[in-house]
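Colleague:
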Amino acid sequence: MTGTRGGFEALDPCVHCGFCLPACPTYLATGDENDSPRGRIHLIRALERGEIQPTDRALVEHLDACLGCRGCEPVCPSGVGYGRGLEAARVRLAAAGRLPLEVRAILAVFARAWLLRPALLLARWFRATGFPDRLSGHSPIQFLLGMLASTTAGPSGSTPKPAPATRGRVALFRGCVMDGLFGHVHEATRRTLAANGYEIVEVDGQTCCGALHDHAGDRAGAAALAEANLRAFAGRADFLVVNSAGCGALLKDLPHLIPSDAARALAAKVRDVTELLAAAGPRPGAPLAERVCYDAPCHLQHAQGIHREPLQVLNAIPDLEIALLPGFDRCCGSAGLYGVLHPELSRAILGEKVAAIAAATPQPSLVLTGNPGCLMQIGAGLRAAELPIGVAHPVELLDRSYRAAGYYH
Amino acid sequence: MAPANTDRPDPGLLAALGAIVGPKWVRSHLTERRPFEADGLPTHASVPMAVVLPSSREQVIAVLKLLAERNVPWVARGAGTGLSGGALAGGNAVLIPLTRMNRILSIDPVRQRAVIEPGVVNARLSDAAAPFGLQYAPDPSSQTACTIGGNVAENAGGPHCLKYGTTTNHVVALEAVLPDGSLARLGSPHGEPWGPDLVGLFVGSEGMFGIALEITVRLVPLPTTIRTLLADFATVRDATEAVGSIVAAGIVPAALEMMDQACIAAVEASIYAAGYPTDAAAVLLVELDGATASVEAEAALVHELLRAHRARGVRSAETATDRARLWQGRKKAFGAMGRVAPDLVVQDAVVPRSSLPSILETIGTIGRKYRLTVCNVFHAGDGNLHPNICYDRRDSALADRVARASAEIMEACVAAGGSITGEHGVGADKIDYMPMIFDSTSLAMMCDVRRVFDPANRANPNKVIPIHACREWREPQ
Numbered sequence: 023m024t025g026t027r028g029g030f031e032a033l034d035p036c037v038h039c040g041f042c043l044p045a046c047p048t049y050l051a052t053g054d055e056n057d058s059p060r061g062r063i064h065l066i067r068a069l070e071r072g073e074i075q076p077t078d079r080a081l082v083e084h085l086d087a088c089l090g091c092r093g094c095e096p097v098c099p100s101g102v103g104y105g106r107g108l109e110a111a112r113v114r115l116a117a118a119g120r121l122p123l124e125v126r127a128i129l130a131v132f133a134r135a136w137l138l139r140p141a142l143l144l145a146r147w148f149r150a151t152g153f154p155d156r157l158s159g160h161s162p163i164q165f166l167l168g169m170l171a172s173t174t175a176g177p178s179g180s181t182p183k184p185a186p187a188t189r190g191r192v193a194l195f196r197g198c199v200m201d202g203l204f205g206h207v208h209e210a211t212r213r214t215l216a217a218n219g220y221e222i223v224e225v226d227g228q229t230c231c232g233a234l235h236d237h238a239g240d241r242a243g244a245a246a247l248a249e250a251n252l253r254a255f256a257g258r259a260d261f262l263v264v265n266s267a268g269c270g271a272l273l274k275d276l277p278h279l280i281p282s283d284a285a286r287a288l289a290a291k292v293r294d295v296t297e298l299l300a301a302a303g304p305r306p307g308a309p310l311a312e313r314v315c316y317d318a319p320c321h322l323q324h325a326q327g328i329h330r331e332p333l334q335v336l337n338a339i340p341d342l343e344i345a346l347l348p349g350f351d352r353c354c355g356s357a358g359l360y361g362v363l364h365p366e367l368s369r370a371i372l373g374e375k376v377a378a379i380a381a382a383t384p385q386p387s388l389v390l391t392g393n394p395g396c397l398m399q400i401g402a403g404l405r406a407a408e409l410p411i412g413v414a415h416p417v418e419l420l421d422r423s424y425r426a427a428g429y430y431h
Numbered sequence: 262m263a264p265a266n267t268d269r270p271d272p273g274l275l276a277a278l279g280a281i282v283g284p285k286w287v288r289s290h291l292t293e294r295r296p297f298e299a300d301g302l303p304t305h306a307s308v309p310m311a312v313v314l315p316s317s318r319e320q321v322i323a324v325l326k327l328l329a330e331r332n333v334p335w336v337a338r339g340a341g342t343g344l345s346g347g348a349l350a351g352g353n354a355v356l357i358p359l360t361r362m363n364r365i366l367s368i369d370p371v372r373q374r375a376v377i378e379p380g381v382v383n384a385r386l387s388d389a390a391a392p393f394g395l396q397y398a399p400d401p402s403s404q405t406a407c408t409i410g411g412n413v414a415e416n417a418g419g420p421h422c423l424k425y426g427t428t429t430n431h432v433v434a435l436e437a438v439l440p441d442g443s444l445a446r447l448g449s450p451h452g453e454p455w456g457p458d459l460v461g462l463f464v465g466s467e468g469m470f471g472i473a474l475e476i477t478v479r480l481v482p483l484p485t486t487i488r489t490l491l492a493d494f495a496t497v498r499d500a501t502e503a504v505g506s507i508v509a510a511g512i513v514p515a516a517l518e519m520m521d522q523a524c525i526a527a528v529e530a531s532i533y534a535a536g537y538p539t540d541a542a543a544v545l546l547v548e549l550d551g552a553t554a555s556v557e558a559e560a561a562l563v564h565e566l567l568r569a570h571r572a573r574g575v576r577s578a579e580t581a582t583d584r585a586r587l588w589q590g591r592k593k594a595f596g597a598m599g600r601v602a603p604d605l606v607v608q609d610a611v612v613p614r615s616s617l618p619s620i621l622e623t624i625g626t627i628g629r630k631y632r633l634t635v636c637n638v639f640h641a642g643d644g645n646l647h648p649n650i651c652y653d654r655r656d657s658a659l660a661d662r663v664a665r666a667s668a669e670i671m672e673a674c675v676a677a678g679g680s681i682t683g684e685h686g687v688g689a690d691k692i693d694y695m696p697m698i699f700d701s702t703s704l705a706m707m708c709d710v711r712r713v714f715d716p717a718n719r720a721n722p723n724k725v726i727p728i729h730a731c732r733e734w735r736e737p738q
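Heads up: the protein sequence lines correspond to chains E and C, in order. Under the working numbering, the first residue of the first sequence carries the number 23, and numbering increases by one thereafter. Under the working numbering, the first residue of the second sequence carries the number 262, and numbering increases by one thereafter.
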């Protein structure tokens, strides 16, 4: 646990200046102080003081409506730890039994591999039928189908030519959704890292990172998953590589769930895949004459402070034209379970992003972003808007470039 | 924390408001009213009885008509970044945030005009005007968050108002709804209007006269050359004397800002660290803009004057990024004060430029007398001081010392020939200081003007003008 007041103390530096307002996607969507970081801090402070009860309907509504994107943190002059304060509040709300039934059900599935694996297997099978691709569209159900269709794999099945592995042993964090629906991103991660001199180690016994549980206030659930991952990965490699921004942010912050030296040691080894690739150069691939745009996941830029590395990875692809469109650094509205629980606000926030992509001239062929939730959300949004633009993880494009360069068998 | 306002408006009023704006845009639950209890100066707080968030001019007009019929007081609010407790609604007043009315209606690059709704964020207008080579010049430090409607209410200033003038110099026409729900068109978008300057009267009226629904502003060309200099000094006196010498030399910088050591320390610890030397007693930020030749000539002269006043170092921003960084540090300084202590009193006073050296020494003496941390960050070029007093309100003895020091600073500024506010407005915070600078006749005239717009005294009640100054209050006595 953090601090003596369970994380609430992270909000103490707030002087109510309001400089966070323009960075908050929900405030921009509603214009209501209740949906702004400053307003929520006001509510959370009143919760801590006991002036508002954790069962208060309006409190729950406005704290639930927070994406947890932490876009307010890097603009705060006083360095308010908003994410910490929010989690402290959500722990209190969860303890008061305010976690909705559907959230508890979803978290329960994610905490149990024997439930999650078959569910994801079913999803893969359904994806393979091609129905999600053909039926995706604007309505809530069609949007869900579009999310699934956006996980579709590109070409795969090659292995890197042997290269001297001089940059260290890397254990791949497979995660849950990434492993179930984005196996092609894992393959691209393995190949591109190997092509850059990393040795890949497969680690058994790993599980879901627990970020969904942590963000929902289920700290015990998150800590149990963290313990399992700590046991699986401790001492296994030089780096623990993650290609999902949300999981990476949680694993780098492991000591807040498990305050031990072992957790601190493991957290210090966690790297986003783009960090490792950027540290290696990365090795240039074959030219891809395409125009793409990059979208920065909140948990990469705000939670991990990673800005340049994904662009460095893409810059290793000659002739690739990379655009940063207006709002590329703003939340897409996915935010874990948010899109499912608050579809209206989530879609309104996504709408701004899709409109910016639609307005770009010339139009990009792909939107690149390094987080499964964002890939599915933006992918479904593009499909709903009937735009012929795909989504992919940055390492997938590097992988294509490497294949074209003949780095693989 | 203010005592919670547990009053609820009668359900009939809530239903009628909901019928106008839609029920989800009326906030009546106490929890949802709390975040509106304060603006950027949370030492003042009062919970509104209800909050209504209209999204169109028709809705605002209908809301004001309804409140007039039912004789309910109200307060308009922008983004709530004001620093005088001006946008607070207590008692049975309804709060009307205008953040949802945020459309830029038109930009005319030829006539250099923009027409906007009140909830447009200041910096967003400049961003929208930039592709045409234009900008909206008034740039309050909160410009990334504050709304132009709020700027109009407060006649907001900003660092670059030294050269370009404050909000009132940039608003040419207004469509406003008055407290009785009637519409008024003030000013003229194209030229000087005939008759009394009613736009001038409305701008800076702190929400007492009505709500601006459409604001026509002047846009000015972006300067071709900008030069930003950072000078650091071993003493505050040297820095303030350098300020006087620059203006006395006939130079009107685009901006001339000062920060003292305590303030520099807070900024340099923040993500807006600008590379200000932390061992300096004070730094000056001098910006010159205009045609290249004149900017270069003025920059050389300013450099010389800064050196003559014992500047330890003078550096010029080499790139646009460097310049932006120097300005971010200055503009976010107020927000960085949370690093010093959890609570903050931001003062706003004006003194004649020539009094700057002595008044800063006086402020330093007052701070030491009450054992307080005072950080100074201010518009030195126009003598507009912002002493920030950092403290922890949970210590009531300390809070009391802050209040006394604050009042003493204000008295010293007035005694030096200054005024009680430069740009933050009077609001709730300065109302008790009004009789220090205005005689009873002037205050009574203000009451009379207010009555022209709002005979029932329902628009932003109990702000700005002390009620005891008004004739109807005094005459029965």
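For glycine and all other residues, C-beta sits at the position ideal for the given N, C-alpha and C. Here the structure is a predicted model, which means the values were calculated and not measured.
Kindly list, in the order they appear in chain E, the residues whose Cβ is closer than 8 angstroms to that of A473 of chain C.
Modeller: The premise fails here: A473 of chain C is roughly 17 angstroms from chain E at the closest Cβ pair, so nothing lies under 8 angstroms.
Colleague: Here's a check: name, in chain order, each residue in its chain whose Cβ is nearer than 6 angstroms to the Cβ of G354 of chain E, leaving out the five neighbours to either side.
Modeller: Reading off the sequence shown, one finds Cys at residue 354 of chain E, where the question assumed Gly. Cβ neighbours of C354 of chain E beyond the five flanking positions: L372, K375, C396, Q399, I400.
Colleague: Using a cut-off of 7 angstroms between C-beta atoms, extract the partners of F393 of chain C located in chain E.
Modeller: None at all; the shortest Cβ gap to chain E is about 17 angstroms.
Colleague: Closer than 8 angstroms, CB to CB, is S387 of chain C near chain E or not?
Modeller: Not one chain E Cβ lies under 8 angstroms of S387 of chain C.
Colleague: Is there contact between the segment 217 to 229 of chain E and the segment 184 to 194 of chain E, where contact requires at least three CB pairs shorter than 8 angstroms?
Modeller: Touching, yes, given that three or more Cβ pairs across the two stretches are closer than 8 angstroms.
Colleague: Taking I365 of chain C and V381 of chain C to be in contact with their CB atoms under 8 angstroms, please state how far apart those CB atoms are, rounded to whole angstroms.
Modeller: About 6 angstroms separates the two Cβ atoms, so the contact holds.
Colleague: Pick helix, strand or coil for F41 of chain E, following the three-state DSSP scheme.
Modeller: F41 of chain E falls in the coil class under three-state DSSP.
Colleague: Enumerate in chain order the residues of its own chain whose CB-to-CB distance from V125 of chain E is below 8 angstroms, with the five nearest sequence positions on each side excluded.
Modeller: Within the same chain, V125 of chain E has close Cβ partners A238, L359, L363.
Colleague: Under 8 angstroms Cβ-Cβ, which residues of chain C neighbour L65 of chain E?
Modeller: T292, R295, P296, listed in chain order.
Colleague: Excluding the 5 residues preceding and the 5 following A111 of chain E in the sequence, name in chain order all residues of the same chain whose CB lies nearer than 7 angstroms to its CB.
Modeller: The residues are I66, L69, L85.
Colleague: Mind reading off the beta-carbon distance from E559 of chain C to L546 of chain C? Whole number of angstroms is fine, and I expect it under 8 angstroms.
Modeller: The Cβ separation is near 15 angstroms, so there is no contact.
Colleague: Does the Cβ of D604 of chain C have 16 or more other Cβ atoms within 10 Å, making it buried, or fewer, making it exposed?
Modeller: Buried is the call here.
Colleague: Identify each residue in the segment 598 to 632 of chain C for which the Cβ-Cβ distance to at least one residue of chain E is less than 8 angstroms, and report them in chain order.
Modeller: If the cut-off is 8 angstroms between Cβ atoms, the segment 598 to 632 of chain C has M598, G599, R600, P603, D604, L605 near chain E.
Colleague: Can you list, in chain order, the residues of the segment 527 to 538 of chain C whose Cβ is nearer than 9 angstroms to any Cβ on chain E?
Modeller: Of all residues in the segment 527 to 538 of chain C, A527, V528, A530, S531, I532, Y533 have a Cβ within less than 9 angstroms of some Cβ in chain E.
Colleague: For the structure I just gave you, are there three or more beta carbon pairs, one from the segment 431 to 446 of chain C and one from the segment 313 to 329 of chain C, closer than 8 angstroms?
Modeller: With the cut-off at 8 angstroms, the segment 431 to 446 of chain C and the segment 313 to 329 of chain C touch.
Colleague: Relative to chain E, which residues along the segment 393 to 415 of chain C have a C-beta separation below 7 angstroms, given in chain order?
Modeller: From the segment 393 to 415 of chain C, only S403, T405, A406 have a Cβ closer than 7 angstroms to chain E.
Colleague: Could you run through the segment 634 to 648 of chain C and flag, in chain order, every residue whose CB is less than 7 angstroms away from some CB of chain E?
Modeller: Under the 7 angstroms Cβ criterion, the segment 634 to 648 of chain C contributes no residue.
Colleague: I need the straight-line Cα distance from M23 of chain E to A245 of chain E, nearest angstrom please.
Modeller: Low local confidence applies: a pLDDT of 43 at M23 of chain E is under 50, so the model's placement there is unreliable, with the coordinate-based value given in what follows. Using only the alpha carbons, I get a separation of about 11 angstroms.
Colleague: Which same chain residues end up closer than 8 angstroms to A689 of chain C when comparing Cβ atoms and leaving out the 5 residues on each side of it in sequence?
Modeller: H305, S345, G346, G347, L349, N723, K724, listed in sequence order.
Colleague: Can you name the residues of chain C whose CB is closer than 8 angstroms to the CB of S100 of chain E?
Modeller: Here the neighbours are S531, G596, A597, M598, G599, R600.
Colleague: Quick check for students: name the residue ranges of the alpha helix (DSSP H) that lie wholly in the segment 499 to 557 of chain C, counting only runs of 4 or more.
Modeller: For the segment 499 to 557 of chain C, whole alpha helix (DSSP H) runs of length 4 or above, ordered along the chain, are 522 to 529.
Colleague: Using a Cβ-Cβ cut-off of less than 9 angstroms, give me the residues of the segment 302 to 316 of chain C that come near chain E, in sequence order.
Modeller: The segment 302 to 316 of chain C vs chain E, Cβ under 9 angstroms: L302, P303, V312, L314, S316.
Colleague: Would you mind listing the beta strand (DSSP E) stretches within the segment 296 to 379 of chain E that are 3+ residues and don't spill past its ends, in chain order?
Modeller: List check, beta strand (DSSP E) in window: 313 to 316, 343 to 345.
Colleague: Short of 9 angstroms Cβ to Cβ, which residues in the segment 352 to 385 of chain C face chain E?
Modeller: Correct list: P358, L359, T360, R361, M362, N363, G380, V382, A384, R385.
Colleague: What's the gap between the Cα of C731 of chain C and the Cα of A554 of chain C?
Modeller: Each residue's alpha carbon lies about 54 angstroms from the other.
Colleague: Taking C-beta pairs closer than 9 angstroms, name the residues in chain C that P365 of chain E reaches, listed in chain order.
Modeller: Simply none; closest approach about 16 angstroms.
Colleague: Secondary structure at R405 of chain E, three-state DSSP: helix, strand or coil?
Modeller: The answer is helix: DSSP assigns R405 of chain E an H, G or I state.
Colleague: Counting only beta-carbon atoms, is A263 of chain C nearer than 8 angstroms to chain E?
Modeller: A caution first: A263 of chain C carries a pLDDT of 47, below 50, which makes its placement in the model too unreliable to give a value.
Colleague: Could you name each continuous alpha helix (DSSP H) segment of 4 residues or more that falls completely within the segment 383 to 466 of chain C, going from the start of the chain to the end?
Modeller: Correct list: 383 to 390, 409 to 415, 422 to 425, 459 to 463.
Colleague: So N412 of chain C packs on P420 of chain C, CB below 8 angstroms; how close in whole Å?
Modeller: About 14 angstroms separates the two Cβ atoms, so there is no contact after all.
Colleague: Could you tell me whether the Cβ of T582 of chain C comes closer than 8 angstroms to any Cβ of chain E?
Modeller: With 8 angstroms as the cut-off, T582 of chain C does not count as an interface residue toward chain E.
Colleague: Distance check for I163 of chain E and W147 of chain E, CA to CA, integer angstroms please.
Modeller: In a straight line, the C-alpha of W147 of chain E is about 18 angstroms away from that of I163 of chain E.
Colleague: Please say whether T174 of chain E and R149 of chain E have beta carbons closer to each other than 8 angstroms?
Modeller: Yes, Cβ-Cβ distance for R149 of chain E and T174 of chain E is below 8 angstroms.
Colleague: Is A299 of chain C close to chain E? Criterion is C-beta to C-beta, closer than 8 angstroms.
Modeller: Output row for A299 of chain C: interface = yes.
Colleague: Going along chain D, which residues have a C-beta under 8 angstroms from A340 of chain C?
Modeller: Included in the structure are the protein chains E and C, with no chain D among them.
Colleague: Using a Cβ-Cβ cut-off of 8 angstroms (strictly less than) and excluding sequence neighbours within five positions of Q373 of chain C, which residues of its own chain qualify?
Modeller: These residues qualify, in order along the chain: L395, R479, L480, V481, P482.
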